[in-house]
Structure formats: structure tokens, C-alpha cells
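Participant:
Numbering (full-length UniProt numbering), first residue to last: 1 to 113.
1. Cutting at 8 Å between CB atoms, please list the residues of its own chain near residue 99, excluding the five before and the five after it.
2. State the DSSP-derived secondary structure class of residue 79, mapped to helix, strand or coil.
3. Quick check: the Cα distance between residue 17 and residue 27, rounded to an integer number of angstroms?
4. Along the chain, which unbroken stretches of the alpha helix (DSSP H) at least 4 residues long are found entirely within the region 8–83?
5. Less than 8 Å between the C-beta atoms of residue 31 and residue 113, yes or no?
6. How far does the alpha helix (DSSP H) with residue 108 in it extend, from its first residue to its last?
7. Would you call residue 91 buried or exposed, if buried means 16 or more other Cβ atoms sit within 10 Å of its Cβ?
Written as C-alpha cells, this is what we have:
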């Protein structure tokens with residue numbers, strides 16, 4: 001994902017890989033945050049929205065029925081949305097109880113451009 005993003009940013013600036021311009025320099029010139037950070041912010045925004053909903057809301061019921069015990073194949077377990085959110089929260093040092101305080105939650109997940 002980040003490779004495609006950097007190619008587009010380089011193209012916007014008129015640079016190619018042979019110019020040996022650092023990614024940070026290009027990112028600073030264009031003024032954008034890394035796409036992984038923006039995706040994490042979006043994922044956590046949705047998580048906060050879902051957590052603030054009442055437990056009988058359709059989105060909360062759908063969240064609970066997704067975890068079914070079934071025999072899985074060999075290899076690494078598939079990455080689920082819930083596991084991704086948990087790892088994002090761990091990375092940013094956030095707690096699930098913070099979702100109820102919307103201002104605090106937004107401040108914790110906000111990514112600067």
C-alpha cells in the first residue's frame with residue numbers, strides 16, 4: 001500500500017526513484033501523512049462510533065455474530081477487523097473505555113497531516 005502511495009506522491013512532485021529524493025522529503029513537500037496512519041485513524045473512528053451505539057443497534061449485533069468457531073486450515077490465522085483494531089489501539093496506547101468520551105478518543109486517534 002505504501003509503495004503505491006509513494007509512487008503517486010513522487011509523480012505529483014515530478015521526481016522518479018533515480019533522483020534519490022527521500023520519502024520523508026517528498027511527504028513533507030506534499031504535506032500528507034502516511035496512508036497506513038490515515039487508514040488506522042479511519043478504522044478507529046469507526047470502532048469508536050460502533051462502541052458508542054446502543055447494544056441493540058444492528059451494527060453491534062453484527063459485530064457479535066462474526067466470531068464463529070470453525071475448523072481452520074494450515075498457516076497463519078486470517079487477520080480479522082477486531083484483531084486489527086486491537087493492535088491499532090495497542091500501538092497508540094488507547095483503551096476501549098475511552099470510546100465513550102468522544103473528545104478524548106478523537107484526540108487519541110487523530111493523525112496530523
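By construction, the Cβ of each residue, glycine as well, lies at the ideal position given by its N, Cα and C atoms.
Keep in mind it's a predicted model, so treat the numbers as computed, not measured.
Facilitator: On the basis of the supplied data:
1. The count along the chain shown starts at 1 and reaches residue 99 at position 99. Counting only Cβ-Cβ distances below 8 Å, and skipping sequence neighbours, we find 47, 48, 51, 52 and 105.
2. Counting from one through the chain shown, the residue named residue 79 turns up at place 79. Here residue 79 sits in coil by DSSP.
3. Within the chain shown, the letter at position 17 stands for residue 17. Within the chain shown, the letter at position 27 stands for residue 27. The straight-line gap from Cα to Cα measures roughly 14 Å.
4. 23–30, 35–52 and 58–65
5. Within the chain shown, residue 31 is the residue found at index 31, counting from 1. Within the chain shown, residue 113 is the residue found at index 113, counting from 1. Yes, Cβ-Cβ distance for residue 31 and residue 113 is below 8 Å.
6. Within the chain shown, the letter at position 108 stands for residue 108. Element bounds for residue 108: 102–109.
7. As a first step, residue 91 must be located in the chain shown, where it is residue number 91. When all chains shown are included, residue 91 counts as exposed.
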